[in-house]
DNA sequence: GACTATAGTATCAAAATGATACTTATTATG
DNA sequence: CATAATAAGTATCATTTTGATACTATAGTC
């Protein structure tokens, strides 16, 4: 089962296939083949469902739903069009019908956010830092501080500026950046205890 | 397949069943039942393998190994004895034969370390702060700063001191603490970019 | 041109971190 | 018994990180 996410209309959206007359979100599914790797099986399912191999993908868990179901979390860039017969559904609405699988996928995205380039893969090759921050805010479900976000991001040498600027409606144009990780993070910082009790 | 971890002899160890004449580590396995929840299936497997339900458990992934294999990561307190027919094997040695499954389990433990009480569950009900720090160091594979570790831990209100002290060999006795989370962490801190490029 | 909206920067105080060194309490050794 | 050794736990302080606030820059709208 594929939980393929993108950003659409400023919200996280998941790919849903149009069931026969059903209004509930349905995630694309395929039988797990008995041969080949699971990675390959995930690619096959993705290609059938989205028409392309996702730019990021991870196992999100296994569910018992009328048999054993593996959930694959996947990510495609904002702007990817859904193939006919499927559409992007805002996660809030989709949760109602496919809650467990979608939740597993989102949890996987959140958990990997600081270790793998999930947010960058949810964006086109070039993007503004405000867009990037919005993706982080979507996935973390909280507001981030603008100056701190940029300072930390730039200090991590994960992006490089391009020559291009984008003027979007009102205010000052934003510079476009490209994901271009330079250095490994050498210094490890202290432990965090975010336990909820 | 069960990757059940504990701390033994100052190292992370995984439960291995003694195969017929095999020296290689073998993780306990059971067929996924067609009925019931996966959580229950994990408990059944654990009870058969360790003689008890683990104090912490999580899905660690799915592997394609001569058929589809689900890996369950589990944790039992230090000092738990392995049932006859099985033994604790230091992770370093066990990795050789069951690398993928064990690695998936360790990754799960590490990823959850700051959000779920994995380290506390690897210890008996009461423990010293040095022991706790050692568990964190084992799982994170790096040294931590003593004063910072304690400051942060106490500020998180996750442990409470007991009246008991333990004198272990030489130096000053250590106070025993109990896992007793008090408050939810209200403040969220800034984003970390630990991407490896 | 004034107003508003958004990008991006600067400054500064507060908080978190890590190094170092210190104190305390115990066992080992002579 | 005195002293050394060892480990727990604490204190101090400089450095780094963080977040609030306010600022400048550049565009569109009225």
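Residue numbers (this note's numbering), protein chains in the order written: chain A, 1 to 197; chain B, 1001 to 1197.
We put the CB at the ideal spot given by N, CA and C, even for glycine.
Predicted, not measured: the structure shown is a model, and the values here were computed from it.
Buried versus exposed, by CB contacts within 10 Å (16 or more), residue i
{"i": "residue 1099 of chain B", "result": "exposed"}
{"i": "residue 82 of chain A", "result": "buried"}
{"i": "residue 1125 of chain B", "result": "exposed"}
{"i": "residue 6 of chain A", "result": "buried"}
{"i": "residue 107 of chain A", "result": "exposed"}
{"i": "residue 1180 of chain B", "result": "exposed"}
{"i": "residue 46 of chain A", "result": "buried"}
{"i": "residue 1080 of chain B", "result": "buried"}
{"i": "residue 159 of chain A", "result": "buried"}
{"i": "residue 1187 of chain B", "result": "exposed"}
Distance between beta carbons of residue j and residue i, contact taken as under 8 Å
{"i": "residue 1131 of chain B", "j": "residue 1123 of chain B", "result": "6 Å"}
{"i": "residue 1115 of chain B", "j": "residue 1056 of chain B", "result": "Not a contact, Cβ separation roughly 12 Å."}
{"i": "residue 3 of chain A", "j": "residue 101 of chain A", "result": "6 Å"}
{"i": "residue 1104 of chain B", "j": "residue 1060 of chain B", "result": "4 Å"}
{"i": "residue 1015 of chain B", "j": "residue 1049 of chain B", "result": "6 Å"}
{"i": "residue 178 of chain A", "j": "residue 152 of chain A", "result": "Contact doesn't hold; Cβ gap of about 18 Å is too wide."}
{"i": "residue 1067 of chain B", "j": "residue 1017 of chain B", "result": "Not really, about 18 Å apart at Cβ, beyond 8 Å."}
N-terminal and C-terminal residue of the alpha helix (DSSP H) that residue i is part of
{"i": "residue 1168 of chain B", "result": "Looking at the DSSP string, residue 1168 of chain B is not in any alpha helix (DSSP H), and its letter there is neither H nor E."}
{"i": "residue 1130 of chain B", "result": "1129 to 1140"}
{"i": "residue 44 of chain A", "result": "38 to 50"}
{"i": "residue 1155 of chain B", "result": "1146 to 1155"}
{"i": "residue 1193 of chain B", "result": "Element bounds for residue 1193 of chain B: n/a, residue is neither H nor E."}
{"i": "residue 119 of chain A", "result": "118 to 121"}
Residue range of the beta strand (DSSP E) that includes residue i
{"i": "residue 1087 of chain B", "result": "1086 to 1090"}
{"i": "residue 1198 of chain B", "result": "As shown, chain B starts at 1001 and ends at 1197. That puts residue 1198 of chain B outside it, with no answer to give."}
Beta-ladder partner(s) of residue i, from DSSP
{"i": "residue 1057 of chain B", "result": "B:1074"}
{"i": "residue 984 of chain B", "result": "Here chain B has residues from 1001 to 1197 only, and residue 984 of chain B is not among them."}
{"i": "residue 1006 of chain B", "result": "B:1013"}
{"i": "residue 1062 of chain B", "result": "B:1070"}
{"i": "residue 1126 of chain B", "result": "B:1178"}
Residues of its chain near residue i, where Cβ-Cβ distance is below 6 Å and the 5 sequence neighbours each way are ignored
{"i": "residue 167 of chain A", "result": "173"}
{"i": "residue 11 of chain A", "result": "90"}
{"i": "residue 1157 of chain B", "result": "1182, 1183"}
Neighbourhood of residue i by C-beta, 8 Å cutoff - its chain only, sequence neighbours within 5 removed
{"i": "residue 1032 of chain B", "result": "1038, 1041, 1070"}
{"i": "residue 136 of chain A", "result": "113, 119, 144, 149"}
{"i": "residue 1190 of chain B", "result": "none"}
Nonlocal neighbours in the same chain, by C-beta distance under 7 Å from residue i, ignoring five residues either side
{"i": "residue 63 of chain A", "result": "69, 71, 100, 101"}
{"i": "residue 192 of chain A", "result": "none"}
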